[in-house]
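Residue numbers are given in full-length UniProt numbering: position 148 of the sequence shown equals residue 148, and the series is strictly consecutive. See below for the structure under consideration.
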Amino acid sequence: MAFNRDAQFIASLTAVDFQIQTPLTPCLASNHNTMLAVEKSQLRDTDVKFSASVVRLDSLVAQVHNPKTKLQDAKTEPVGLLSSIRCVPDDVLFIIFEYTRCGSHFNFIQSLFLSHVCRHWRAVAISMPKLWTHVHFNASPSNSATRSARCPGLFSWCRFLPMHIHVRYINEEGLGGLAASGIDAFKTTCKALEIDYHGDRVLWDGLEECLYDLPNLKSLSVVNCSVEDRRSGNQTHFCLDKTRVSNLHVMFTGHGDETRQEALHLGAHVSLQSSNLRKLILDFRAKNGFLTMSSSWVLFSGAPDLLPRLEELYLFSPCFERRRFGTSQIVLPRGSATYRRLRVFVVSVTWDRELEHLFNALVLPDLSEFSFCAAREGRPEPVIFKALFARSRCPLRKISTVDGRRHGWAESWVQDMREFYPDLQLVSTKLDQPSDMDQLKEEQWFQ
């Protein structure tokens, strides 16, 4: 593809209309589209169509830049522009309208940001719902004054059909103000929801009630929620049975305490139940080094009965500082935990006695893919994994031991395992950084 020419073309449009904004500017946060990969077999045909379109569009841009041509006269020729756009394949249109990706440079002072392109291109974006795959809301109080009461009507008029909604800066008011923000317009079309908490908000604060209003929601991501409810300290039951959520990602954060002598056991604060859940990502991140989290809560205490259809489980926990917690012991649950439908099990944690107890109790009869990454320190004995597979009698096909590759025992161990699993493959899975788990979520749920 002629990417240099594409860049010049888009830059030309920016120069033509750098300061123009739309009626949606003061409303909500932006949408952004992810680039859809173009199959290799389609590259040649796509290049021909797109190159021809760019030639016609460049001609129009040249007219705009010609000092002898009035800008307004050039903008009254939408027919040629729109006919050229119709020749551009959908995948290329997604790339062109990649302009509103939300990142660290995103200006949250204005709730909605739309590309600085000419009004004809904006008309194309507004009239094509398939381009609006992501919509970002800013729920901070400071942003409420910039919202427009016309927002729901504008969304209806523009025929927006978003697939994914991202809500940032949920604060002390919880989720109650989202309806006033315009999220009601997406009730029947929202299939994925990401909520980013602001401050120490617990997972369950108003969340279940919000999910009941989204009947077609399939994927839910809750980011930066607190592990503990410091107001009561009691365990709260988080139930998704009344929803259709099948993919759940939860990123817990917490403030460690240097003087605290006991581990922060997540199971003492959160109980999860869902008969529809297929994929679960549990992501634990501390805001300093003085925090120890117990992740076995999801695998014990009746969890197999609470999550009967779980097929993929991802546990991610960086290496927290444990040396300053003295000799306090974590109370480990007893018995075994059998997940009959779990096919993919990915673990990226610091190996310790608790995890050894966890693996000795697991039974996974349908397990086909297993990945383990030891964070920073600690390494399990291969016999622990081998016992898990033998006890489960699972159809194992792929295995990844990132830390094992470094220590050199995985290759020979897999060779021995092939006596029982002839098709076993040793693969490489990179899940040792927080960004890896974020990418996993984006690839599987928000595309």
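The C-beta atom is built at its ideal place from N, Cα and C for all residues, glycine as well.
Asked                                                                                                                      : Found
Contacting residues, own chain, Cβ-Cβ under 6 Å from H249 (five flanking each side not counted)                            : S221, I281 and K441
Range covered by the alpha helix (DSSP H) that runs through V383                                                           : P382 to S392
Buried versus exposed, by CB contacts within 10 Å (16 or more), F316                                                       : buried
Simplified DSSP state of S400, which is helix, strand or coil                                                              : strand
Status (buried if at least 16 other CB within 10 Å, exposed otherwise) for S274                                            : buried
Unbroken alpha helix (DSSP H) run spanning C210, endpoints                                                                 : L207 to Y212
8 Å Cβ cutoff met for R340 and E311                                                                                        : no
Alpha carbon of R393 to alpha carbon of P382, nearest angstrom                                                             : 17 Å
Sequence-distant residues of the same chain with beta carbon closer than 7 Å to L214, five excluded per side               : K187, C190 and L193
As assigned by DSSP and simplified to three states, the class of S368                                                      : coil
Inter-residue spacing [alpha-carbon to alpha-carbon] between L424 and W351                                                 : 24 Å
Check whether R391 and V349 have beta carbons under 8 Å apart                                                              : no
Burial state of T338 (16 or more Cβ within 10 Å)                                                                           : exposed
Cβ-based burial, S246 [other Cβ within 10 Å; buried from 16]                                                               : buried
Residue environment, D283, which counts as buried when at least 16 other CB atoms sit within 10 Å                          : buried
Simplified DSSP state of T272, which is helix, strand or coil                                                              : The identity of residue 272 in the sequence shown is Leu, whereas the question assumes Thr. If DSSP states are grouped into helix, strand and coil, L272 belongs with the strands.
Nearest neighbour of Y336, chosen from L313, N360 and Y314 [CA to CA]                                                      : Here residue 336 is Ser; the residue named in the question, Tyr, does not match the sequence. Per the Cα distances, N360.
Beta-carbon contacts of Y212 that lie in its chain and below 8 Å, excluding the five residues immediately before and after : K242 and T243
Chain-order list of residues whose beta-carbon lies under 6 Å from that of L306 (same chain, five-residue window excluded) : Q273
Own chain, CB closer than 6 Å to F389, minus 5 neighbours either side, in chain order                                      : L396
Option in E209, F238 and F252 with minimal Cα separation from V223                                                         : F252
Alpha-carbon to alpha-carbon, E208 and D196                                                                                : 15 Å
S226: first and last residue of the uninterrupted beta strand (DSSP E) it sits in                                          : S219 to S226
Boundaries of the beta strand (DSSP E) in which D196 is found, first to last residue                                       : A192 to Y197
Member of P422, D366, Y314 and V427 whose CA lies at the smallest distance from the CA of Q439                             : Y314
Boundaries of the beta strand (DSSP E) in which S348 is found, first to last residue                                       : V344 to V349
Segment limits, beta strand (DSSP E) that includes Y421                                                                    : Counting along the chain, Y421 falls outside any beta strand (DSSP E), and DSSP gives it neither H nor E.
Beta-carbon proximity check, N276 vs L217, cutoff 8 Å                                                                      : no
Distance, S368 Cα to V427 Cα                                                                                               : 13 Å
Backbone secondary structure at E356 - three-state DSSP                                                                    : helix
Whole-angstrom distance between C210 and H164, CA atom to CA atom                                                          : 15 Å
Burial state of P304, where buried means 16 or more other Cβ atoms lie within 10 Å                                         : buried
Range covered by the beta strand (DSSP E) that runs through E312                                                           : E312 to F316
Cβ neighbours of K279 in the same chain (closer than 6 Å, five flanking residues each side left out)                       : N247 and E312
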